[in-house]
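In this note's numbering, the protein residues as written are 10 to 414.
Structure, as structure tokens:
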Amino acid sequence: MTILVAGAGPSGAHLACLLACKGIKVTLVDKLKSSKDNNFSSAALPLKSLRDHSVPLQSISSYWNKWQIYDPYGSNYQWTSSVPLGVVLDFSILRESLWERAKKLGVEVLIGWEVMTVISRNTHAQVVLNSSFGQAINRNFQLVVDATGQTRALLKKHCKNTINTNQKLLTGTGIEFLIKVDNKTSQKWKNCLTFFIGNKWIPHGYGWVFPMKDNNLKVGICQLPPTNRKNVITNSYAIKRLIRNLELDKFNILDKHGGAIRSTIDRSDMLTSGRIIGVGDAISTANLLGGEGIRHAMKSAEVLASFIIKKYNFECKAYTNNKSIDIKSYRKDLSKAFDWRWKLANRIAKRTWWGLSGADSDNRLFLLIKHLNKKMSAEEISALLFDYRFERYGLRILPYLFRWK
Ligand SMILES: Cc1cc2nc3c(=O)[nH]c(=O)nc-3n(C[C@H](O)[C@H](O)[C@H](O)COP(=O)(O)OP(=O)(O)OC[C@H]3O[C@@H](n4cnc5c(N)ncnc54)[C@H](O)[C@@H]3O)c2cc1C
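Below, the structure written as structure tokens:
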């Protein structure tokens with residue numbers, strides 16, 4: 010069996026490695042010319058993910074053990090742990106290291122190639138690939154994986170509607186600058202994930218400063234306004250204002266990048282079309298609460314790898330005469346991996362980011378942050394934001410659980 014994985018981000022590259030480990034022939038393709046292109050992800054992760062998903066250690070740029078939040082009125086709150094709680098990765102090194110790992114495992118890695126079309130036939134998928142230098146080739150594969158991220162490039166082309174129900178695809182857009190600062194300034198942001206929440210900073214979203222090695226800082230802004238409503242202010246205006254307010258505007262900007270994060274609340278996306286099957290952001294595994302999806306993308310790759318190895322491998326022969334992939338068990342396995350907590354976090358995210366505009370919402374946030382400051386440790390904040398442990402809110406979470414909100 011030969012499988013084409015379209016998209017070599019965290020989900021696609023990790024999947025290719027997992028399949029190659031089991032002796033499956035894989036071709037991994039990305040339209041990027043280099044891992045450094047469109048280096049969009051802030052890539053903050055909890056420590057546990059490194060082990061859970063075998064994240065290449067060389068991609069770690071810094072460790073953090075502290076949370077810091079600037080509230081809507083500019084006051085600052087901190088929660089510190091005596092041990093590291095997480096890492097900030099260099100996203101381009103993460104991609105590069107996963108590509109190197111894949112090559113070592115025997116995966117054919119084609120960088121600078123875009124998957125243009127996929128035609129599902131009875132016995133195979135016919136694929137057209139275009140290179141960045143203008144070459145086009147036709148190749149046949151038994152299965153094509155759409156790991157093209159939030160663009161859902163292949164599933165979108167081949168499904169009339171990529172979402173199963175009347176759910177909407179919620180979209181956040183982010184922009185981030187990589188800034189080289191001096192030693193003294195770097196110390197201020199060291200070992201800490203810092204967030205800016207409230208209308209003073211940005212409506213319908215949040216800003217952040219994450220530390221990187223060599224005195225570099227990732228400074229970003231993300232907005233998730235209600236569907237069909239435009240951003241209240243542009244991200245580029247908001248990020249410049251944030252950088253000016255933090256007195257970082259005198260430093261050198263090394264890179265500017267940005268992107269979108271898009272998910273359905275309940276991950277009700279179409280998972281397949283013909284011989285195409287989706288993974289990662291392409292099927293809404295990113296969570297909108299913290300705008301994070303690397304570990305979820307890698308987890309979904311693990312779910313798909315075992316589905317392919319366990320089930321599809323056996324069914325491959327039968328499948329040659331049957332156009333649709335039996336995805337029931339894939340959906341079930343995904344539901345187990347991304348359980349009610351994941352969905353609840355997404356529902357709370359929608360409520361929080363959509364509702365964040367005006368003085369009332371600032372006041373609500375102020376009270377929430379004050380409450381967290383009084384009642385919670387740094388470890389508990391991590392459990393809330395990364396493990397989605399909302400139990401401490403007791404009955405207040407019920408309306409979200411039962412979809413009343
Ligand atoms: C501003 C911003 C900040 C973020 N910060 C964090 C964070 O702090 N922590 C975190 O965990 N997550 C964060 N995320 C989300 C995270 O980056 C994504 O969830 C994750 O990268 C998804 O992985 P993926 O492999 O599914 O998709 P992607 O990483 O998007 O990879 C998809 C790949 O497919 C390629 N591709 C697309 N179309 C084609 C085609 N037709 N043919 C070939 N290749 C194609 C693309 O070039 C791309 O490399 C952030 C996202 C944004 C936008």
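Each residue gets a CB set at the ideal place from its N, CA and C atoms; glycine is no exception.
Segment contact: the stretch 29-36 against the stretch 274-285, fewer than three CB-CB distances shorter than 8 Å; contact not assigned.
Taking Cys-201 as reference, the option from Asn-74, Leu-297 and Lys-40 with the minimal CA-CA separation is Asn-74. Comparing alpha carbon positions, the residue from Ser-58, Asn-47 and Ser-386 closest to Tyr-72 is Ser-58. 8 Å or more divides the Cβ of Ser-391 from the Cβ of Pro-93.
The bridge partners DSSP lists for Ile-230 are Ile-184 and Gly-216.
The three-state secondary structure of Ile-252, taken from DSSP, is helix. When the five nearest sequence neighbours on each side are left out, the beta carbons in the same chain lying within less than 7 Å of the beta carbon of Val-137 are those of Met-125, Thr-126, Ala-145 and Asn-147, in order along the chain.
Inter-segment contact for the stretch 353-370 and the stretch 309-319 is absent: fewer than three beta-carbon pairs are separated by less than 8 Å. Rounded to the nearest angstrom, the gap between the Cα atoms of Leu-98 and Asn-131 is 42 Å. The bridge partners DSSP lists for Asn-85 are Tyr-79. Cα atoms of Ser-44 and Leu-376: separation of roughly 42 Å, rounded to the nearest angstrom. For Phe-316, the enclosing alpha helix (DSSP H) stretches over residues 303-316. Two segments are said to touch when three or more pairs of C-beta atoms, one from each, lie closer than 8 Å; by this definition the stretch 154-161 does not touch the stretch 199-219. When distances are taken from the beta-carbon of Cys-26 to the heavy atoms of ligand 1, even the shortest one reaches 7 Å or more. Leaving aside the five residues that flank Val-116 on each side, the residues in its chain whose CB is nearer than 6 Å to its CB run, in chain order, Ala-25, Ala-29, Val-35 and Leu-37. Its chain contains Asn-224, Leu-226, Leu-257 and Phe-260 as the residues whose beta carbon lies nearer than 7 Å to that of Val-190, once the 5 sequence neighbours on both sides are disregarded; these appear in chain order. With a cutoff of 7 Å, Gln-196 does not count as near ligand 1, since its C-beta is closer than that to no heavy atom of the ligand. Between ligand 1 and the CB of Val-38, the shortest heavy atom gap is smaller than 7 Å. The continuous beta strand (DSSP E) containing Leu-138 extends over residues 134-140. Rounded to the nearest whole angstrom, the CA to CA distance from Lys-165 to Lys-352 is 23 Å. Rounded to whole angstroms, the separation of the alpha carbons of Pro-81 and Leu-381 is 15 Å. Gln-67 counts as exposed, since fewer than 16 other C-beta atoms from the protein chains shown sit within 10 angstroms of its C-beta. In the structure shown, the three-state DSSP call for Phe-375 is helix. In this structure, DSSP gives Asp-39 an extended state, which the three-state scheme calls strand. Looking at the DSSP output, Leu-393 bridges to nothing. For the pair Gly-121 and Lys-42, the CB atoms are nearer than the 8 Å cut-off.
DSSP places Asp-264 in the strand class (E or B) of the three-state scheme. Comparing alpha carbon positions, the residue from Ala-387, Lys-319, Phe-399 and Lys-384 closest to Ala-358 is Phe-399.
The DSSP-derived three-state label of Ile-206 is strand. Note: Thr-281 is bridge-paired with Ile-286 in the DSSP secondary-structure output.
In the DSSP secondary-structure assignment, Tyr-246 is not bridged to any residue. Distances from the alpha-carbon of Pro-65 to those of Ile-318, Ala-162 and Arg-104 put Arg-104 closest. Where Pro-55 is concerned, the enclosing beta strand (DSSP E) starts and stops at 53-55. Separation of Asp-39 and Ala-17 (C-alpha to C-alpha, rounded to the nearest whole angstrom) is 5 Å. Residue burial is scored here from C-beta neighbours: Gly-214 has at least 16 other C-beta atoms within 10 angstroms and is therefore classed as buried.
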